[in-house]
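Data first, discussion second: the structure below is written as structure tokens.
In my numbering, the protein residues as written are 1 to 201.
In structure tokens, the structure reads:
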């Protein structure tokens, strides 16, 4: 049986269980625990601190960019069935199991071709060009691609290579910029006391 962590057991007043967990993890090593329990501010105080004048603009910027990205990202992902059908990995009529495998295979191909390289580009560029430039570049290129899709979708859909290229590039720059930066920027903007609360919002 996996025991609770020693810190959790001590915080609940179960010192014996904490020592047992340490003994189990260290195979009988040091079992005397001296862990002071430090009580942090309650949840409402953390929220209030996160929303003070100093941080509310950061919170609006990080949460707002994440919201905008999710609208574009999930909106595009909903239509992945169309893209998979165009490249020969759509649903197979009459066979659910084969359809699931076929669609998973197609999604893996798209992810490996566009999404994973986008993350690696972000890893290589983030400290060289900066977070803001990556995020703005990603959002800008995605906006142009979606605007062109909105204006000329039927024309683009008939040209398979162009359609796949535009669809793929939107995912590549999305993962290179906004999708990576929405996780990185909040961890650097907010102080430790409100970081997870603000990041979660």
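For every residue, glycine included, the Cβ atom is placed at its ideal position computed from N, Cα and C. Being a predicted model, the structure only gives us computed values, none of them experimental.
So residue i is in the alpha helix (DSSP H); what residue range does that whole segment cover?
i, result
"residue 179", "178-189"
"residue 82", "80-86"
"residue 96", "96-110"
"residue 157", "131-158"
"residue 19", "15-26"
"residue 8", "6-11"
Judging by CA-CA distance, which residue of the options is the nearest neighbour of residue i?
i, options, result
"residue 146", "128, 63, 173", "173"
"residue 105", "89, 13, 94, 119", "89"
"residue 70", "5, 54, 139, 107", "139"
Just to confirm my understanding: we take residue i, look at its own chain, exclude 5 residues before and 5 after, and list those with CB closer than 8 Å. What are they?
i, result
"residue 3", "9, 17, 20, 21, 24"
"residue 92", "98, 99, 102"
"residue 125", "134, 176"
"residue 122", "134, 175, 176, 177, 180, 181"
Within a Cβ cutoff of 7 Å, which residues of the same chain sit near residue i, ignoring the five residues on either side of it in sequence?
i, result
"residue 131", "181, 184, 185"
"residue 76", "170"
Might you give, ordered along the chain, the residues of its own chain that have their beta carbon closer than 6 Å to the beta carbon of residue i, omitting 5 neighbours on each side?
i, result
"residue 202", "Residue 202 falls outside the range modelled here, since the chain spans only 1 to 201, and no answer is possible."
Touching by the beta-carbon criterion (3+ pairs, under 8 Å), the stretch 103-123 and the stretch 159-171: They touch, by the three-pair rule.
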